[in-house]
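2 protein chains.
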Amino acid sequence: MTGAADLFLLLAVIIAASKTGGSLAARIGQPAVFGELAMGIILGPTVLGLQSWPVFAAPAIHETVAALAQLGMIFLMFLAGLETDLAAMLRVGLVAVVGAVGGVILPVLAGYWVSRTFGYGLYESWFIGVVLAATSVSITAQTLIELGQLRSLEGTAILAAAVVDDVLGLLALAAVVAMAPSGSGAEPGIWVGLVRVAAFFGAVALVGWVGVERVAHLALRLPVREGLFAFGAVVALFFAWLAEAWGGVAAITGSYVAGVLFSQSSHRHQLEERFHAVSYGFLVPVFFISVGLDADARAIGDGWIFGITIAVVAILTKFLGAGLGAKIGGFQWLQAWRFGIGMISRGEVALIVANIGLAAGVIGASVFTIMVLMTLVTTLATPVLLRLVFRGAGIPGASGRAPV
Amino acid sequence: MTGAADLFLLLAVIIAASKTGGSLAARIGQPAVFGELAMGIILGPTVLGLQSWPVFAAPAIHETVAALAQLGMIFLMFLAGLETDLAAMLRVGLVAVVGAVGGVILPVLAGYWVSRTFGYGLYESWFIGVVLAATSVSITAQTLIELGQLRSLEGTAILAAAVVDDVLGLLALAAVVAMAPSGSGAEPGIWVGLVRVAAFFGAVALVGWVGVERVAHLALRLPVREGLFAFGAVVALFFAWLAEAWGGVAAITGSYVAGVLFSQSSHRHQLEERFHAVSYGFLVPVFFISVGLDADARAIGDGWIFGITIAVVAILTKFLGAGLGAKIGGFQWLQAWRFGIGMISRGEVALIVANIGLAAGVIGASVFTIMVLMTLVTTLATPVLLRLVFRGAGIPGASGRAPV
Numbered sequence: 001m002t003g004a005a006d007l008f009l010l011l012a013v014i015i016a017a018s019k020t021g022g023s024l025a026a027r028i029g030q031p032a033v034f035g036e037l038a039m040g041i042i043l044g045p046t047v048l049g050l051q052s053w054p055v056f057a058a059p060a061i062h063e064t065v066a067a068l069a070q071l072g073m074i075f076l077m078f079l080a081g082l083e084t085d086l087a088a089m090l091r092v093g094l095v096a097v098v099g100a101v102g103g104v105i106l107p108v109l110a111g112y113w114v115s116r117t118f119g120y121g122l123y124e125s126w127f128i129g130v131v132l133a134a135t136s137v138s139i140t141a142q143t144l145i146e147l148g149q150l151r152s153l154e155g156t157a158i159l160a161a162a163v164v165d166d167v168l169g170l171l172a173l174a175a176v177v178a179m180a181p182s183g184s185g186a187e188p189g190i191w192v193g194l195v196r197v198a199a200f201f202g203a204v205a206l207v208g209w210v211g212v213e214r215v216a217h218l219a220l221r222l223p224v225r226e227g228l229f230a231f232g233a234v235v236a237l238f239f240a241w242l243a244e245a246w247g248g249v250a251a252i253t254g255s256y257v258a259g260v261l262f263s264q265s266s267h268r269h270q271l272e273e274r275f276h277a278v279s280y281g282f283l284v285p286v287f288f289i290s291v292g293l294d295a296d297a298r299a300i301g302d303g304w305i306f307g308i309t310i311a312v313v314a315i316l317t318k319f320l321g322a323g324l325g326a327k328i329g330g331f332q333w334l335q336a337w338r339f340g341i342g343m344i345s346r347g348e349v350a351l352i353v354a355n356i357g358l359a360a361g362v363i364g365a366s367v368f369t370i371m372v373l374m375t376l377v378t379t380l381a382t383p384v385l386l387r388l389v390f391r392g393a394g395i396p397g398a399s400g401r402a403p404v
Numbered sequence: 405m406t407g408a409a410d411l412f413l414l415l416a417v418i419i420a421a422s423k424t425g426g427s428l429a430a431r432i433g434q435p436a437v438f439g440e441l442a443m444g445i446i447l448g449p450t451v452l453g454l455q456s457w458p459v460f461a462a463p464a465i466h467e468t469v470a471a472l473a474q475l476g477m478i479f480l481m482f483l484a485g486l487e488t489d490l491a492a493m494l495r496v497g498l499v500a501v502v503g504a505v506g507g508v509i510l511p512v513l514a515g516y517w518v519s520r521t522f523g524y525g526l527y528e529s530w531f532i533g534v535v536l537a538a539t540s541v542s543i544t545a546q547t548l549i550e551l552g553q554l555r556s557l558e559g560t561a562i563l564a565a566a567v568v569d570d571v572l573g574l575l576a577l578a579a580v581v582a583m584a585p586s587g588s589g590a591e592p593g594i595w596v597g598l599v600r601v602a603a604f605f606g607a608v609a610l611v612g613w614v615g616v617e618r619v620a621h622l623a624l625r626l627p628v629r630e631g632l633f634a635f636g637a638v639v640a641l642f643f644a645w646l647a648e649a650w651g652g653v654a655a656i657t658g659s660y661v662a663g664v665l666f667s668q669s670s671h672r673h674q675l676e677e678r679f680h681a682v683s684y685g686f687l688v689p690v691f692f693i694s695v696g697l698d699a700d701a702r703a704i705g706d707g708w709i710f711g712i713t714i715a716v717v718a719i720l721t722k723f724l725g726a727g728l729g730a731k732i733g734g735f736q737w738l739q740a741w742r743f744g745i746g747m748i749s750r751g752e753v754a755l756i757v758a759n760i761g762l763a764a765g766v767i768g769a770s771v772f773t774i775m776v777l778m779t780l781v782t783t784l785a786t787p788v789l790l791r792l793v794f795r796g797a798g799i800p801g802a803s804g805r806a807p808v
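Going down the list, the sequences are from chains A and B.
At position 391 of the first sequence (counting the first as 1) the number is 391 in my numbering, and the numbers step up by one without a gap.
At position 70 of the second sequence (counting the first as 1) the number is 474 in my numbering, and the numbers step up by one without a gap.
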């Protein structure tokens, strides 16, 4: 009667497939996100072609699924912001920052250089470099928990560096988005873009830091259900819009910043619980599967050699860049290599960046799919390699809080 | 860049408006849902005409908001199912059942009769009657909590009766939907519809009761994030689809039944927490505002006299039907009238039913708006009247759990 029954079935299939894929991956010792992406690829045009099945063919249903996936991105990045622990990050200090910087610069430059060598355009090549930049906090953390190393010195540094890496990756994305050839008007240079980003961050921090805690208190005392969560969602969505409307800053940057603001709030835990539920139980599975639905392995065509090259480059440059950075920052060699390995895994952020590039028409379907497969390869490699370098290590924080 | 920034802003505005409306209503002693609906009417074509503003004019955005509202319905009804306490309902027993039956039969018959008298068609009149049938559990409970009467004898009976009422209302809806003049094929009679409904309930109960608890255990132990919540969402969505695909049973009936199955599960509380968050913090505000956006007070035209009549009929027949039923079931007169007053408030279910009728083209925009205003009037009247009849009553359960 409501005309939305097909949507309900499609969402049920998507969420079930996502969680099934995640479970299967975990059963064979891989991070769940690997299985979720793989399941998306199986459901997508590469194998099953779910979208073209008659029952799911209505355009309105596709648009709704795409919108839910985008809301998943926004909520996920808000959650990533929420989980940003500025204090812990500051304690690990130098090694994390230098390691993160090394682990961003090398992949971006190498990604750009390799792409140019393979004949890709200037802007597309920078975009590919930026996709290679961002380590995934969640995949790194999940692997460390499985190894009981979340609270080791290396573990703490990796988590802290992953946060720095996130911010650096978002800054790089903001820069590359700001210098995008837009459809109308003059094309601003990279410096204008960076100033814009800095202005956005500065203004938001100034306004947000003063007001968020007070309004959050108020929202919590409102005589409505889930007032605090609703307030968080409103701020996340509003900042996402503001970031984009401000001109050139990605929407996810906005919701990430909103999350960071709330990470300083005394209500952080309550928000985290709720955003974790709505994200991982409902919207993020749609996002993960939707990535696979958009990735057509057939579209790679003769891009396989570039794909393999870029995956190897993604692994080696992150390992070397982050490892050498950590060594310079003060780690011993073994610690530094453990750190470098822990930073290899890419995940949500890389997929989000690639998704933005695809939506903006900056990268084509072939490169997008290569980026997704690159994420799969790094995601697959990280736990295996981490297990190798942490072999024989004690368990300093066996009771580490599992983000499950 | 993502092209969805306008959607983010629109959702931020909708959620903020919904919670602001709810808070304002609560401040003047009214249930939050009243304010949320009123805010929707203000944002809608009656006053501000939000939908036609340039920034929100893209059809894809409208479709997504409508889809989110429908997901809100599905989740809300799953939650209502989850909160169904079969044991408590059975304890209060006869009085609740007889009271609920009386409180359903009288409004349905009176609604039908009044509508026919005003010249409405046979099917539309039955639909109007069914809209008048369902008491809102949440509004009743919230009012009782404010009065500290949630755990009084009358309070327990009202809550139990509200559940029976929900089931009766859904059965009535299923019957009226099943006898709907469909676009193609033969029109099945009401008895075929009822058999279908019974078959759906029976089959689902048989399959679900056996399997749900086991699979829920499994989902909770899966190495994925929010496995249980995702499983609940999958079942809610799948049952919603199944109910509709089965032929003639409303999608919300399916998700309600799914919720009832899980209400018997040991994981009920965990599910309740998460569905409460995603529903009240995100999707249900979109649903409430969306109801207002669809209601155009200008569309009532010369239906004002019918509107006022139907609102008075809705209040009187529920009060008399439920009150007399409770007296027959064993209550004293004062208890019976308190019970009758407590059953007056309509809410989500009435709006959902009206929404289904509007989407199916069974009731027009004018009748839909009258139904929304009827809900507003009953919602407004209930707390005021309850406060009157409970004046001087002791507070037997002052520590009643607040569903906030």
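Yeah, the Cβ is synthetic: ideal placement off N, Cα and C, and Gly gets one too.
| Query | Result |
| --- | --- |
| When the cut-off is 8 angstroms and only beta carbons count, does A/Tyr280 lie next to chain D? | In the structure shown, chain D cannot be found, because the protein chains are A and B. |
| What distance in whole Å lies between the Cβ atoms of A/Ala322 and A/Gly340, which are believed to be in contact at a cut-off of 8 angstroms? | 4 angstroms |
| Rounded to the nearest angstrom, what separates B/Ala763 and A/Gln30 at their Cα positions? | 45 angstroms |
| Along the chain, where does the alpha helix (DSSP H) containing A/Glu272 start, and where does it finish? | Arg268 to Val278 |
| Return the bridge partner residues of A/Arg346 from the DSSP annotation. | A/Thr135 |
| DSSP three-state label for A/Ala393, please. | coil |
| When the Cα of A/Leu132 is compared with those of A/Val384, A/Ser345 and A/Leu380, which residue comes out closest? | A/Ser345 |
| Chain A partners of B/Gly631, CB-CB under 7 angstroms? | Lys19 |
| With DSSP run on the structure shown, which of helix, strand or coil describes B/Ala662? | helix |
| Going by C-alpha distance, which of B/Lys423, B/Val417 and B/His680 is nearest B/Phe438? | B/Lys423 |
| Taking the beta carbon of B/Leu622 as the centre, do at least 16 other beta carbons fall within 10 Å, making it buried, or is it exposed? | exposed |
| Count the other C-beta atoms from every protein chain shown that fall within 10 angstroms of the C-beta of B/Glu677, then say buried if there are 16 or more, exposed otherwise. | exposed |
| Using only alpha-carbon positions, find the residue among A/Ala251, A/Gly301, A/Arg268 and A/Phe368 that is nearest to B/Leu411. | A/Ala251 |
| Against chain B, with Cβ distances strictly below 8 angstroms, would A/Val234 count as a contact? | yes |
| Using a cut-off of 7 angstroms between C-beta atoms, extract the partners of B/Arg678 located in chain A. | Ala277 and Gly281 |
| Between A/Val167, A/Arg196 and A/Asp166, which has its C-alpha nearest A/Ala178's C-alpha? | A/Arg196 |
| Tell me whether A/Arg225 is buried or exposed, calling it buried when 16 or more other Cβ atoms sit within 10 Å of its Cβ. | buried |
| Relative to the C-alpha of A/Gly49, which candidate in A/Pro383, A/Ile289, A/Ala67 and A/Tyr120 has its C-alpha closest? | A/Ile289 |
| How would you list, in chain order, the residues of chain B whose beta-carbon sits under 7 angstroms from the beta-carbon of A/Pro54? | Within 7 angstroms Cβ-Cβ: nothing; A/Pro54 doesn't reach chain B, min ~14 angstroms. |
| Is the shortest distance between the beta-carbon of B/Phe412 and the beta-carbons of chain A less than 8 angstroms? | yes |
| Within a Cβ cutoff of 6 angstroms, which residues of the same chain sit near A/Ala110, ignoring the five residues on either side of it in sequence? | Val313 and Thr317 |
| Under 8 angstroms, do A/Leu228 and A/Gln51 count as touching if we go by C-beta distance? | no |
| Could you work out which residues of chain B lie near A/Ser23, taking near to mean beta carbons separated by less than 8 angstroms? | Leu626, Pro627, Val628 and Gly631 |
| Would you mind working out which of B/Trp737, B/Ile774, B/Gly685 and B/Ala442 sits nearest B/Trp708, comparing C-alpha positions? | B/Ile774 |
| Flag A/Glu213 as yes if its beta-carbon sits less than 8 angstroms from any beta-carbon of chain B, otherwise no. | no |
| What residue range does the alpha helix (DSSP H) around B/Gln474 cover? | Pro463 to Leu486 |
| Considering only residues of the region 490 to 522 of chain B, which uninterrupted alpha helix (DSSP H) runs meet the minimum length of 4 residues and lie entirely inside it, listed in chain order? | 490 to 496 and 498 to 521 |
| Would you verify that the beta carbon of A/Ala12 is, or is not, closer than 8 angstroms to some beta carbon of chain B? | yes |
| Taking contact to mean 3 or more Cβ pairs, one atom from each stretch, closer than 8 angstroms, check whether the region 8 to 17 of chain A and the region 636 to 652 of chain B are in contact. | yes |
| Buried or exposed for A/His269, going by 16 or more other Cβ atoms inside 10 Å? | exposed |
| Identify the continuous alpha helix (DSSP H) that holds A/Gly40 and give its terminal residues. | Ala32 to Leu43 |
| Just how far apart, CA to CA, sit A/Leu76 and B/Gly525? | 50 angstroms |
| Who are the Cβ neighbours of B/Gly485 in its own chain at under 8 angstroms, not counting the five residues just before and after it? | Ser659, Tyr660, Val661, Ala662, Gly663, Val664, Leu665, Phe666 and Ser667 |
| Leaving out the 5 sequence neighbours to the left and right, which residues in its chain are closer than 6 angstroms to A/Val204 when beta-carbon positions are compared? | Val257 |
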